[in-house]
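Beneath this line is the structure, given in structure tokens, with notes to follow.
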Amino acid sequence: MSTHFDWMLLLPELVLTAAGVVILLLEAIAPSLRRSFTALAVLATLGAGYAAYYVTPLHHVVASRAGTFNGLIETSPLTFAFTLVVLLSTVLSLLASQSYLRREGILAGEYHALLLWCAVGLLLMLRATELLTVFLALETLSLCLYCLAAFHRRISISSEAAIKYFLMGAFVSAFALYGIALVYGATGSTRFLGIGRALAAQPFTNVLASLGFLFLVAAFGFKMSIAPFHAWSPDTYQGAPSPFVAFLSVAPKVASALVLYRLLEAVVQGGTAPNSHKWSTAVAFLSVASMLVGNFLALVQRDVKRMLAYSGVAHMGYLLLALVVVDRASLMPVLVYLLAYVLMNAGAFTVVSLLYSRPGEQHLIADLAGWGYRYPLLGGCLAVCMLSLGGIPPTLGFLGKYVVFLNAVGDGLVGLAVIGVLASLVGVFYYLRVVYYLYMKPETRQPEGLLIDVWGRTAAVLAALGTLALGLWPTGLLQWLMQATAVK
Amino acid sequence: METFFGLLAGNTLTRLVFFPTVAAVPLFFFTKTASKAAKIYVLIASLIELAFGVLYLAAHLGRDGGFPLVHDTVLSWISGYGVKYDLAMDGISMPLVLLGIFLLPLVILGSWRGITEHWPMFGASLLLLSTGVLGALLAYDLFLFYVFWEVMLVPMYLLIGIWGGERKIYAAVKFFLFTMAGSLLMLVAILWMAWTFQRLNGGVWSFAYDDLLRLNLPLHQQVWLFAAFALTFAIKVPMFPFHTWLPDAHVEAPTGGSVILAGILLKLGTYGFLRFALPLFPHASEVARPLLLALAVTGILYGALVAWVQVDMKKLVAYSSIAHLGFVMLGLLAADVVAWQGSLLQMVNHGLSTGALFLLVGMLYDRRHTKKFDEFGGLARVMPIFAFFLVFASLASVGLPALNGFVGEFMILTGSFRTLGWPAAVATFGVVLAAIYLLKMIQLTIWGPITKDENRKLADLSFREIAALVPLCVLMLWIGVAPNTFLQPSRQTLETVLAQYRQRVDEPDVRQASLRPATTGAEVAATEAGR
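These protein sequence lines are chains A and B, in that order.
Okay, so the first sequence: first residue is 3 according to our numbering, each after it adds one.
Okay, so the second sequence: first residue is 7 according to our numbering, each after it adds one.
Right, dumping it as structure tokens:
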């Protein structure tokens, strides 16, 4: 393999990085421009999206594994699709942030810069074809995430959130690194392809490799907040700035899901590995555990952010159903589900960020009582997002569940699909609770100190309309994703 | 190539289903206080919808009074999975669809005074609910059917939860969760069937009703699939012992919600059995018949006995619904053409008479804000017109000859006695019990002396209220006197479906799932010519 550095292929990441730097410099030399940082960051993200489109060999259907840095970074329709999902969640989060930052008096360029750099880490992570690159991307991402979780530094609950996330996250990074080392020791490679080949060649009885994979699954399970690695998420979501949680609760999960897929694909590659069915069982266990833990704990939450945190655990459980039997066909359901999750969860957190003015206190669901009439637009968006989270047609949330369950049924996992639908029935109960507080209870509090700006409204409407429109007219989306994931 | 919007503009089923949705959109821009304008707007929209329904019927009703299967142009919806947008109407769905459209303006008239706040949203919920109900009745693609089935839930949830009584949230959530519990399992069953079809059909997906009907499945697979479908529909009907959500939902729902619920929503359960659960899984339904029969007969007697001891008028009518729909189920399980005709007619009858009873209870509630028997008595003296309508609707519900209920129940009982024997005989007691509880209600509310002073000055029915009731009573009488007009459109369809069902029941069980050959265009033409 010839040494080959094609910087052009890194254009999306470079755009985002540069935009972050520019915003930081502007913060230093022209702080009066602060109000325009959101627009700048959104533009940069859209630019990165266009750059990703520009560098992806969409038209060469066959040889599309174009890469750079000796193939460490992949550029394909698949990574392009995941990239777009990540950038979408970045845009939504940026739009939601402006009003929060202004309301709390912490509007500063660092926020936007850090969020853009998070996106850089994520893009690298999902494009990496090799574990050490994944690790570097993961660290880039994590450092920015820790800082953002603590961004509202005057309130203690935000610092608490960040500390909890940081301590566990640092621990998990160590796990990931150790796992990489063990896998390298067992297979002699850190590339997914190489690992797969090595495992296919020798019977997969190696304790070292098994342990290494276990550590890696735990690490990415943590990032995706899969039970039993989910304990950080309720506390962190509760304390961290709400518009940032709109990002934290979705974007890292998008990239981690792809990494997890690649790991599992490496394990089962060749199809002859005798232990691969044990990994299926393990993933099935994680999936069922997440669905049950997430749904039942969300049921008893009174704080809307904690409820969404546990519901996120449950959603990752549904997502994992598609990864129980890992083949190329699993990717389409995963992508559809992630896209649905990005839209509806970001929409929900956006509205939460706009309608609760005291970030240091609890965000009680009961406080929304009767506000569906006071804020018809935001209330309607929140209701749509909740119904979508509950999987009610004709929303994208339903379509996501549909493709995931159909995939499971096709893989012969009817039992798991039945557990999945029953678990989602529990979910409907607590999502409906938000709807009935919005429309069926008399108002209990007057709005005070709220700042509802056009950016935040745009984010909420985009998310709600997106879930509805893509749920009603999904053909184009599904076809595009089918093509993007089919290319090998 | 026709488009969705092209269909929407023509005299099509698409227009019937989606006109209410289109009409609901402007309501979101009405201000909260514009109640009056919203009321009139929704009423006009519902009358236009009724006109569309009549136009459609006029265009397709055959010369001989039969109603053929009519498809809208089939559009591709989710092409990757072969999901199609396919609406079709035949003799089974036609009466139910028209019943739904017919009840809508009456519901709005009946809610005129009872609903005091958020009228724009109330109207929008009613209209969206109509879209869901009509869509579910007309969908010929199982994915589409499932989507409409779930779409119904949200507006009904809002209707109960926002404008309901004291325990409205409990009732609304219970309604939602019960219905959803069944339908999610049905979703898995539908997915499994579509996947199996795709496997047997060389990788080409389809959710179309006609395609899935070609699946020839072994009994042990049918049983599970039937269980999932039957549970969904049994909850919706509701059959004993899945009925507990119904009294709660009815008692807490506003009048309009109750009428829609009893009038059309429950019929979707029995319709589901007739359209999907029985024809798709003939062998399994044969195996499950004794169990379902036992539940149906239990439901008839249990519903009637519980209705007897109620002290709340609305609860009485709610429990009577359980008994009446037990009759419908009995007729469907009989697999006899007379019984099936009776069942279909009885679905319509129940919608009319129970709808009228709920409207009447609602009118009383608007005046006195109570539905308890012991608060009334002697109302015939102060409200003679009300008394007339209450007696009329009750007698129709009891099954007095020359009114609609008699025809339906008589056909169900004779038809099912032919094939089932003693269960039908036991069910007959339900008719006697119905007379007891409904006459008890009449006696306690409108006969006898006036015992409460508040009742002395009650105003009789207004012109608007009479306008809501007269069409119902006219239809009840019409069906009772000339039932053939209403039986003829569906006779041919029911005979065809029943013949196919019987034939498949008699086929031996297969070892492995296979596909029956597709009916070709030539064969269809031959059957059409044979008519």
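Every residue, glycine too, gets a C-beta built ideally from N, C-alpha and C.
Restricting attention to B:Leu237, B:Phe149 and B:Trp314, the CA atom closest to the CA of Gly88 (chain B) is found in B:Phe149. At a cut-off of 8 Å between C-beta atoms, Pro396 (chain A) counts as an interface residue with respect to chain B. With 16 or more neighbouring CB atoms inside 10 Å of its own CB, Met389 (chain B) falls in the buried class.
Straight across, the Cα-Cα distance linking Gly361 (chain B) with Gly269 (chain B) is about 6 Å. Look at His375 (chain B) here: in three-state DSSP terms it is coil, with no helix or strand label. Listed along chain A, the residues sitting closer than 9 Å to Ala178 (chain B) by beta-carbon distance are Leu434, Tyr438 and Met442. If the five residues before and after Val257 (chain B) are omitted, its C-beta is found closer than 6 Å to the C-beta atoms of Lys320 and Lys321, all from its own chain and listed in chain order.
Contiguous alpha helix (DSSP H) elements confined to the stretch 284-355 of chain B occur at 288-314 and 319-340, taking only those with 4 or more residues. In the structure shown, Met346 (chain A) adopts helical secondary structure according to DSSP, grouped into three states.
Within the stretch 58-134 of chain B, the complete alpha helix (DSSP H) segments of 4 residues or longer fall at 99-117, listed in chain order. Contact note: Pro476 (chain A) reaches chain B through Ile84, using a C-beta cutoff of 7 Å and chain order.
If you check each beta-carbon in the stretch 390-420 of chain A against every beta-carbon of chain B, the ones closer than 7 Å belong to Ile394, Pro395, Pro396, Phe407, Leu408, Val411, Gly412, Val416, Ala419 and Val420. Asp413 (chain A) is not bridged by DSSP to any residue. One finds Gly86 in chain B with Cβ atoms closer than 7 Å to the Cβ of Met484 (chain A), taken in chain order. The criterion of a C-beta distance shorter than 8 Å is satisfied by Pro260 (chain B) and Gly170 (chain B). Where Ile75 (chain A) is concerned, the enclosing beta strand (DSSP E) starts and stops at Ile75 to Thr77. In this structure, the CA atom of Leu110 (chain B) is about 6 Å from the CA atom of Ser52 (chain B). Per the coordinates, the alpha-carbon of Lys42 (chain B) lies some 11 Å from the alpha-carbon of Glu123 (chain B). Between Val306 (chain A) and His365 (chain A), the C-beta spacing is below 8 Å.
Beta-bridge partners of Ser520 (chain B) (DSSP): B:Asn222. Straight-line spacing of the CA atoms in Lys273 (chain B) and Pro335 (chain A) works out to 35 Å. The criterion of a C-beta distance shorter than 8 Å is not satisfied by Tyr146 (chain B) and His226 (chain B). By alpha-carbon distance to Leu190 (chain B), the top candidate from A:Arg304, A:Leu90, A:Ala41 and A:Pro395 is A:Pro395. Inside the stretch 116-181 of chain A, DSSP marks whole alpha helix (DSSP H) runs of 4 or more residues at positions 133-151, from first to last along the chain. Across the set B:Phe58, B:Ile98 and B:Ala15, the C-alpha of B:Ile98 shows the shortest separation from the C-alpha of Glu501 (chain B). Here the stretch 423-437 of chain B lies against the stretch 333-344 of chain B, with 3 or more beta-carbon pairs under 8 Å apart.
Contact between the stretch 347-366 of chain B and the stretch 432-439 of chain B is absent, with fewer than three C-beta pairs closer than 8 Å. Taking the Cα positions, Lys378 (chain B) is about 15 Å away from Ile456 (chain B).
Of all alpha-carbon atoms in A:Leu322, A:Glu29, A:Ile454 and A:Leu86, the one lying nearest the alpha-carbon of Pro14 (chain A) is that of A:Leu86. Between Ala283 (chain B) and Phe213 (chain B), the C-beta gap is not smaller than 8 Å, which leaves the two residues out of contact.
When the beta-carbon positions are compared, Leu389 (chain A) and Val139 (chain B) stay at least 8 Å from each other. Gly167 (chain B) has a beta carbon lying within less than 8 Å of a beta carbon in chain A. For Lys38 (chain B), the closest Cβ of chain A is nearer than 8 Å. A contact between stretches requires three or more CB pairs, one per stretch, nearer than 8 Å, and the stretch 50-58 of chain A fails this requirement with the stretch 94-106 of chain A. For a cut-off of 8 Å, the C-beta gap from Leu301 (chain A) to Tyr432 (chain A) is around 5 Å, short enough to register as a contact.
Comparing alpha carbon positions, the residue from A:Val456, A:Ile454, A:Glu450 and A:Val430 closest to Val179 (chain B) is A:Val430.
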